[in-house]
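Novice: Would you mind keeping the following structure in view while I ask a few things?
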Amino acid sequence: MKQPNVLNIMDKAKEAGNPTTNVAKPNQWFGVRHIQCALIFFALAVSYALRVNMSVAIVAMTDKSSNSKFDEYPWTESTKSLILSSFFWGYVITQVPAGQVAQRYGAKPVIFWGVLICSILAILTPVCAKIGGSALVCTLRVIQGLCQGTVFPSSHNLLSKWAPFTERGKLGTISYSGVQFGTALMLCVSGELASSVLGWPSIFYMSGAAGCLWAILWYFFASSCPAENSFISEEEKLYIEMIPSDGTEAHEKNEVKAKIPTPWGAILTSVPFYMVLCAHCANNWGFWTLLTEIPTYMKNILGMDIKANALLSSLPYWAMFVLCFVFLLISEVLNKTKCMSLSFSRKFFNSLGHWVPAIGLIGMGYMDGDNVLLAIIFLTLTVGMNASCYLGFQMNHIDLSSNFAGTLMGLTNCAANIMSIIAPLTVGLIVTDEKNPDQWRIVFFVAAGFFFVGNLLFIIFGKFTTQPWNEPKTVVIKNAQNGQNGQNPVTMESQN
């Protein structure tokens, strides 16, 4: 991967009269870094559309009353839970390798192939269901999970290269709000598609086609880092490269970091890292319990048909999408007034994103068909407020280590998505009678417990400063002008 010419950029900064400790922000309000942010937004939107399409489609696939012209499959609740969780069997495997590959070779090709292959497989889902039943569908979903396991670690890696410290929260939140956009859009249109003349197979065809279209745009306009982009201005490149990871001061002119090995020992013995992991695991248990099971819950407990089910299932995710920007605006105002530290900000927003949903889940546990409106309010509150986490634990990987953010995300996302496997399977064990509200209450109470404990640990033990293992101890490249007698620059390496 082509590396940024830091020395050259520093020279240009000096010539332009911009001290490297206070690099000027580019004049243009929309730059190439924002284009990369938009591309990540749609990458995650497409990825989640491909991921959640099964949540609504499986209701139509097992209930011919929604559209009698298409195949119906007599899958039990345990079989459906197996299919819904199978995606994550593959998803957890590629998390850590993807972070390492993106760190070494760049994020662009990793995300490209992951989303493109997953999109093609989505288009093949109806055929696989017809010829191979639940076994072949499970296999296909495992492979899709393997492909999508590359997306989050690589996206974090790309953001760590493109987002200056001063814009990290903003660009990160905008990028990851694509998750809610894709989820809400897929849930919203899938019910209409399932009951239309195109039937439930069109859910997979449409989401797969969207992924293929995105891949074309990504191929031509995405870049793994500013140095690889031919459209970026020198002014914007300087602004991105010279804002350091911890927001304090830029690198000295005669020093530049060399490639360093991943400090596995330091990472795996780091308490702050494990606090991010705990928060991530708790978040995934609650989020995926709702995302995979709410369509079934709304159909059997609240008595909604497939079309109303899909529309109302999407409402909480539209709320979450909007609240991403509401919380971002609040964060921007608080940052400008400097009324809270980064540490307090991360804990505050993560608490909103975990403890308020925990309250909503407890409320949902007491809803039934006579309280549909209140159930929708609790559901919207539970999912919507979770948006606050993008300003909490989600950015903490980059806080701890901008150099290894992709690897950290791979590790925590791997562990967290084991929760995404277990959660639907646990629902299948608890809910033996889909129409029993007492069994659903247990499901919601368990999810609320995860939210509460995960955030409590994050508040008490979490850290929000760059960790010592992010940087090499004595790795520098010395300029020939500083005592090398005209020789070529010499690289001096040491162990972390």
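Counting from 167, one number per residue, gives the positions in the sequence shown under the numbering used here. We treat Cβ as the ideally placed atom computed from N, Cα and C, and that holds for glycine. Computed from a prediction, not measured in an experiment: that's the story for all the values here.
#1: Straight-line CA distance for residue 276 to residue 373?
#2: Quick one: is residue 284 buried, meaning 16 or more other Cβ sit within 10 Å of its Cβ, or exposed?
#3: Where do the ends of the alpha helix (DSSP H) carrying residue 580 lie?
#4: Taking its Cβ as the centre, do 16 or more other Cβ atoms sit within 10 Å of residue 203, making it buried, or is it exposed?
#5: Would you call the segment 543 to 559 in contact with the segment 479 to 495, where contact means no fewer than 3 C-beta pairs closer than 8 Å?
#6: Which residues in the same chain have their Cβ closer than 7 Å to the Cβ of residue 630, if we skip the five residues on either side of it in sequence?
#7: Report yes or no: do three or more beta-carbon pairs, one from the segment 264 to 272 and one from the segment 340 to 354, lie closer than 8 Å?
#8: Would you tell me roughly how many angstroms separate the C-alpha atoms of residue 278 and residue 503, rounded to the nearest one?
#9: Kindly indicate which three-state DSSP category residue 637 falls into: helix, strand or coil?
#10: Taking C-beta to C-beta, are residue 346 and residue 486 nearer than 8 Å?
#11: As a quick exercise: from 482, 515, 247, 481, pick the residue whose alpha carbon is nearest that of residue 495.
#12: Quick one: what does DSSP say residue 214 is sitting in, helix, strand or coil?
#13: Would you mind sorting residue 402 into buried or exposed? The rule is 16 or more other CB atoms within 10 Å of its CB.
#14: Any contact between the segment 318 to 329 and the segment 568 to 581? By contact I mean 3 or more CB pairs, one from each, below 8 Å.
#15: Considering Cα atoms alone, identify which of 438, 258, 242, 448 is closest to residue 612.
#16: How long is the line joining the alpha carbons of residue 384 and residue 330, rounded to whole angstroms?
#17: What is the DSSP secondary structure of residue 264, reduced to helix, strand or coil?
#18: Could you tell me whether the Cβ atoms of residue 451 and residue 616 are closer together than 8 Å?
#19: Could you tell me which of 606, 246, 398, 614 sits nearest to residue 548, measuring between CA atoms?
#20: So, helix, strand or coil for residue 533, using DSSP?
#21: Buried or exposed: where does residue 247 fall if 16 or more other Cβ atoms within 10 Å of its Cβ makes it buried?
#22: Would a C-beta distance cut-off of 8 Å place residue 222 and residue 369 closer than the cut-off?
#23: Quick check on residue 235: buried or exposed, where buried means 16 or more other Cβ atoms within 10 Å of its Cβ?
#24: Taking the straight line between their C-alpha atoms, what separation do you get for residue 545 and residue 594?
#25: What residue from 227, 455, 462 has the CA that sits closest to residue 366's CA?
#26: Where does residue 504 sit, in a helix, a strand or coil, going by DSSP?
#27: Mind checking whether residue 523 and residue 501 have CB atoms under 8 Å apart?
#28: Using only CA atoms, which one of 505, 603, 506, 518 lies nearest to residue 530?
#29: For chain D, check one thing: does any of its Cβ atoms lie closer than 8 Å to the Cβ of residue 571?
#30: Mind checking which residues open and close the alpha helix (DSSP H) that includes residue 244?
#31: Got a sec, what are the start and stop residues for the alpha helix (DSSP H) residue 604 sits in?
#32: Could you check the C-alpha separation between residue 343 and residue 207 for me, to the nearest Å?
#33: Is residue 311 buried or exposed, if buried means 16 or more other CB atoms sit within 10 Å of its CB?
#34: Smallest Cα separation from residue 426: which of 339, 270, 550?
#35: Where does residue 235 sit, in a helix, a strand or coil, going by DSSP?
Specialist: Let me lay it out:
#1: 20 Å
#2: buried
#3: Looking at the DSSP string, the run of the alpha helix (DSSP H) that includes residue 580 is 571 to 596.
#4: buried
#5: Using a C-beta cut-off of 8 Å, the segment 543 to 559 makes contact with the segment 479 to 495, since at least three inter-stretch Cβ pairs fall below that distance.
#6: 508, 509, 512, 562, 565
#7: Not touching, per the Cβ criterion.
#8: 40 Å
#9: coil
#10: yes
#11: 515
#12: helix
#13: buried
#14: Output reads yes: the segment 568 to 581 touches the segment 318 to 329.
#15: 448
#16: Roughly 21 Å separates the two Cα atoms.
#17: helix
#18: yes
#19: 614
#20: coil
#21: buried
#22: Yes; because the gap between Cβ atoms is below 8 Å, this pair is in contact.
#23: exposed
#24: 20 Å
#25: 227
#26: coil
#27: Cβ distance not < 8 Å, so residue 523 and residue 501 don't count as in contact.
#28: 603
#29: Absent from the structure: chain D. Only one protein chain is present.
#30: 243 to 257
#31: 603 to 627
#32: 7 Å
#33: buried
#34: 270
#35: coil
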